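Q: One structure is given below, represented as structure tokens, and several questions about it will come after.
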Amino acid sequence: MYYWADENLYALNLYGGWVTTNNWEDFFYNANDIDFKDSYLIGLALSRRIGKYQDRASFEIEGQIVKHFNFQTHWELNALVAARWEKFWWDDVLDTSVAFGLGPSYATNEPEIELENDADTARFLVYWMIELAIGLPDYPRVAFITRIHHRSDAFGLVADGGGSNALVFGLKWRF
């Protein structure tokens, strides 16, 4: 079962991926039309479980440091609160969880792809992610992850434009 033992309150994620010009919805509705740019990122995230609901869900805080390279070369810092659903009927075969997190994002420069997408952006935007974690029950401390890594103007709430999406893959290590 996926839910963390009390001694494994922390997780370290290492991931990398490709930035796209697509909207986040395209990952679900138009997956064949994803426009991957020649822009990449690598991220390191540290999370801590701060609560749980029975053995079904947990709540986490997470801090990320992300380096963009190739087309974009800035750094990105994200902090978020996440909710993770951990209970699936197939967990004894393939340990699975799904998480959604939301928080502030800061880029050291205005990201070029966000300017290309919207002609406007800001260094401070909203960050959210959707994560799928899959592991083997015999190795409960390690999981393969994939995420949608998203920066957004939050429908104009925090900026007049801007936003980007990346598809990332990586590993999660719980300790």
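Note that our numbering has the sequence shown beginning at 1, numbered continuously upward.
Glycine included, every Cβ here is placed at the ideal spot set by N, Cα and C.
These figures come from a predicted structure and were not determined experimentally.
1. For the beta strand (DSSP E) that residue 169 lies in, which residues bound it at each end?
2. From this set, 126, 16, 172, 8, which residue's C-alpha is nearest residue 99's C-alpha?
3. For residue 43 and residue 12, what's the separation of their Cα atoms in angstroms?
4. Does the distance from the CB of residue 19 to the CB of residue 166 come in under 7 angstroms?
5. Spatial neighbours of residue 90 within its chain, please: C-beta separation below 8 angstroms, excluding the five flanking residues on both sides.
6. Compare the Cα-Cα distances from residue 163 to each of 138, 146, 123 and report the closest residue.
7. Going residue by residue through the segment 4-45, where are the continuous beta strand (DSSP E) segments of at least 3 residues, counting only ones entirely within it?
8. Count the other CB atoms, across all protein chains shown, that sit within 10 Å of the CB of residue 75; report buried if there are 16 or more and exposed otherwise.
9. Pick out whichever of 131, 70, 65, 69 has its Cα sitting closest to the Cα of residue 84.
10. Figure out for me which residue from 175, 127, 82, 168 has the closest Cα to the Cα of residue 139.
11. Please name the residue, chosen from 26, 21, 50, 28, that lies closest to residue 36 on a Cα-to-Cα basis.
12. Can you look up residue 155 in the DSSP assignment and give me helix, strand or coil?
13. Please return the same chain residues whose Cβ sits closer than 7 angstroms to the Cβ of residue 87, not counting the five positions on each side in sequence.
14. From which residue to which residue does the beta strand (DSSP E) around residue 131 run?
15. Residue ranges of each beta strand (DSSP E) run of no fewer than 3 residues wholly in the segment 57-108, ordered along the chain?
16. Where do the N-terminal and C-terminal ends of the alpha helix (DSSP H) with residue 118 fall, by residue?
17. May I ask you to list the residues that DSSP assigns as paired with residue 53?
18. Is the distance from the Cβ of residue 48 to the Cβ of residue 10 below 7 angstroms?
A: Judging by the given coordinates:
1. Start and end: 163-174.
2. Ranking 126, 16, 172, 8 by Cα distance to residue 99 puts 172 first.
3. Near 10 angstroms, if we compare the C-alpha coordinates of residue 12 and residue 43.
4. Cβ atoms of residue 19 and residue 166: closer than 7 angstroms.
5. When the five nearest sequence neighbours on each side are left out, the beta carbons in the same chain lying within less than 8 angstroms of the beta carbon of residue 90 are those of 96, in order along the chain.
6. The alpha carbon of residue 163 has as its nearest neighbour, out of 138, 146, 123, the alpha carbon of 123.
7. Listed in chain order, the beta strand (DSSP E) elements of length 3 or more contained wholly in the segment 4-45 are 10-20.
8. Exposed, since its Cβ has fewer than 16 Cβ neighbours within 10 Å.
9. In terms of CA proximity to residue 84, 131 leads the group 131, 70, 65, 69.
10. The shortest C-alpha separation from residue 139 is found at 175.
11. With distances taken between Cα atoms, residue 36 lies closest to 21.
12. Looking at residue 155 - three-state DSSP - the assignment turns out to be coil, as it is neither helix nor strand.
13. The residues are 55, 56.
14. 124-135 is the extent of the beta strand (DSSP E) around residue 131.
15. Given a length threshold of 3 residues, each whole run of the beta strand (DSSP E) inside the segment 57-108 is given here in chain order: 57-70, 75-85, 95-107.
16. Run containing residue 118: 112-118, per the alpha helix (DSSP H) assignment.
17. DSSP lists 57 as partners of residue 53.
18. Their beta carbons are under 7 angstroms apart, which means residue 48 touches residue 10 by this criterion.
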